[in-house]
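Since the structure comes first, as structure tokens, the remarks are kept for the end.
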Amino acid sequence: MIHLIQGPQELAQWDNSPLGCRIFSMALGYETKMPFLHFWREKSGCISLMDDVMTLAGDFEDSLELREFIHFSGAKTVFCENSSLSKKLGFLVSDQGPEMIRNSERPSTSWNLSHPISLKKMHALLKACETPFFSVPDFEPFYLDLNHRIRHQTADAWGIMDHDDLIACLAACISPKNALLFSGAVRPNRRQHGIFSAMMEAIPAYFPERNLFLCCENSLCSYYQALGYHICGQWIEMKTLSQNITKEILS
Numbered sequence: 271m272i273h274l275i276q277g278p279q280e281l282a283q284w285d286n287s288p289l290g291c292r293i294f295s296m297a298l299g300y301e302t303k304m305p306f307l308h309f310w311r312e313k314s315g316c317i318s319l320m321d322d323v324m325t326l327a328g329d330f331e332d333s334l335e336l337r338e339f340i341h342f343s344g345a346k347t348v349f350c351e352n353s354s355l356s357k358k359l360g361f362l363v364s365d366q367g368p369e370m371i372r373n374s375e376r377p378s379t380s381w382n383l384s385h386p387i388s389l390k391k392m393h394a395l396l397k398a399c400e401t402p403f404f405s406v407p408d409f410e411p412f413y414l415d416l417n418h419r420i421r422h423q424t425a426d427a428w429g430i431m432d433h434d435d436l437i438a439c440l441a442a443c444i445s446p447k448n449a450l451l452f453s454g455a456v457r458p459n460r461r462q463h464g465i466f467s468a469m470m471e472a473i474p475a476y477f478p479e480r481n482l483f484l485c486c487e488n489s490l491c492s493y494y495q496a497l498g499y500h501i502c503g504q505w506i507e508m509k510t511l512s513q514n515i516t517k518e519i520l521s
């Protein structure tokens, strides 16, 4: 049976996958009392809901209960990492790709990354890289969320500067055992010079005791394999098509 958690540590057992790391790190950073962020669990899975985006980790024993729960939650987008579960839920799959983990035996390389970096400059860089397939939130929600998690040591961000210009950036969700990389970008006019690869090779030095995860598009799988990552799972994005359901059941 799905129920609200009382504290973040109830989610610790799912800190063993990219989406499990994301859910657990968010719970550690925000605790359980934010009106825009909620966490639930059942015997074999856990759930986060931030605004209208839901993330699932685990297997979930009762897919019918989960499907009904998702409908009543008001979630418009659902992420999971279980292809069998996604088929049982029956929602429209809008995107999917590999989850990857870095080979822990591969040494990191030295590179003088900028840290900390200006989140305003990071947001501007991400906006400059925006495409129909890579959307960036407005500055205020981006800043409030990432700044909060950085202050609570459940996320961090790095960059490469050219004088006063941020030309590359990368962030990570951080849990006790793992880190999930996200928001990696290089300024469009500085690509094809090995800048992002150098940053990816330097990041592991910041996480000597953690697994490094990432989720990418299929087209980038071979690129990350060349950087020492291998496939460890699959992420799946689904659209529920139920955008007018109230959230009364969650209160």
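Mapping to this note's numbering: the sequence shown position 228 is 498, numbers consecutive.
Each residue gets a CB set at the ideal place from its N, CA and C atoms; glycine is no exception.
* **N-terminal and C-terminal residue of the beta strand (DSSP E) that Cys-350 is part of** => 347 to 350 is the extent of the beta strand (DSSP E) around Cys-350.
* Asked: Cα separation between Cys-491 and Glu-338?
  -> Rounded to whole angstroms, Cys-491 to Glu-338 spans 34 angstroms at the Cα level.
* How far does the alpha helix (DSSP H) with Ser-354 in it reach, from first residue to last? -> Per DSSP, Ser-354 belongs to the alpha helix (DSSP H) from 353 to 359.
* To do: Use the C-beta contact count for Leu-440: other C-beta atoms within 10 angstroms, 16 or more gives buried, fewer gives exposed.
  => The residue is buried, with at least 16 neighbouring Cβ atoms inside 10 Å.
* **Residue of Pro-478, Met-508 and Met-469 minimising C-alpha distance to Leu-497** => Checking every option, the nearest Cα to that of Leu-497 belongs to Met-469.
* **8 angstroms Cβ cutoff met for Thr-510 and Val-323** => The Cβ atoms of Thr-510 and Val-323 lie no closer than 8 angstroms to each other.
* **Own chain, CB closer than 6 angstroms to Arg-460, minus 5 neighbours either side, in chain order** => The answer, listed in chain order, is Ile-437.
* To do: Kindly give me the distance between the Cβ atoms of Met-370 and Phe-483, rounded to whole angstroms, as I take these residues to be in contact under 8 angstroms.
  => Between Phe-483 and Met-370 the Cβ distance is about 7 angstroms, and since that is below 8 angstroms, they are a contact.
* To do: Give the DSSP bridge partners of Leu-362, in chain order.
  => Looking at the DSSP assignment, Leu-362 forms a beta bridge with Lys-509.
* Using the Cα positions of Gly-503 and His-341, report the straight-line distance between them to the nearest angstrom. => Approximately 26 angstroms between the Cα atoms of the pair.
* Taking the Cβ atom as the reference point for each residue, do Trp-381 and Ala-472 lie within a distance shorter than 8 angstroms? -> Yes, these two residues count as a Cβ contact at 8 angstroms.
* Asked: Are there 16 or more other CB atoms within 10 angstroms of the CB of Asp-415, so buried, or fewer, so exposed?
  -> Looking at its Cβ environment, which holds 16 or more other Cβ atoms inside 10 Å, Asp-415 is buried.
* Asked: DSSP beta-bridge partners for Met-431?
  -> Answer is Leu-436, bridged to Met-431.
* Buried or exposed: Thr-424, going by 16 or more other Cβ atoms within 10 Å of its Cβ? -> So Thr-424 counts as buried.
* Asked: Closest by CA to Ile-410, which one among Ala-394, Ile-465 and Pro-278?
  -> In the sequence as presented, Ile is not what sits at residue 410; that position holds Glu. The residue with the shortest Cα to Cα distance from Glu-410 is Ala-394.
* Can you tell me the Cβ-Cβ gap for Ile-430 and Leu-383, rounded? I've got them flagged as a contact below 8 angstroms. => Confirmed, about 6 angstroms.
* Less than 8 angstroms between the CB atoms is what I'm expecting for Asn-488 and Pro-402, so what's the real figure, rounded? => In fact, because the Cβ distance is near 17 angstroms, the residues do not count as touching under 8 angstroms.
* Figure out for me which residue from Ser-364, Arg-376, Glu-351 and His-418 has the closest Cα to the Cα of Gln-495. => The option with the nearest alpha carbon to Gln-495 is Arg-376.
* To do: Quick one: grab the DSSP three-state call for Asn-417.
  => Of the three classes helix, strand and coil, the one that applies to Asn-417 here is helix, per DSSP.
* Asked: Taking the alpha-carbon positions, what's the Ser-287 to Leu-355 distance?
  -> If I take the Cα positions, the gap works out to 16 angstroms.
* Asked: Can you name, in chain order, every residue of its own chain whose Cβ lies under 8 angstroms from the Cβ of Glu-507, other than the five neighbours on each side?
  -> Closer than 8 angstroms at the Cβ level, and outside the excluded window around Glu-507, lie Thr-347, Val-348, Phe-349, Val-363, Ser-364, Asp-365 and Gln-366.
* To do: Could you have a look at His-393 and say whether DSSP puts it in helix, strand or coil?
  => Secondary structure of His-393 (DSSP, three-state): helix.
* **Meets three-Cβ-pair contact criterion under 8 angstroms: the segment 322 to 336 and the segment 447 to 459** => Counting C-beta pairs with one atom in each stretch, the segment 322 to 336 and the segment 447 to 459 have fewer than three that are closer than 8 angstroms, which means they do not touch.
* alpha helix (DSSP H) containing Cys-491: first to last residue? -> In this chain, the alpha helix (DSSP H) harbouring Cys-491 covers 491 to 496.
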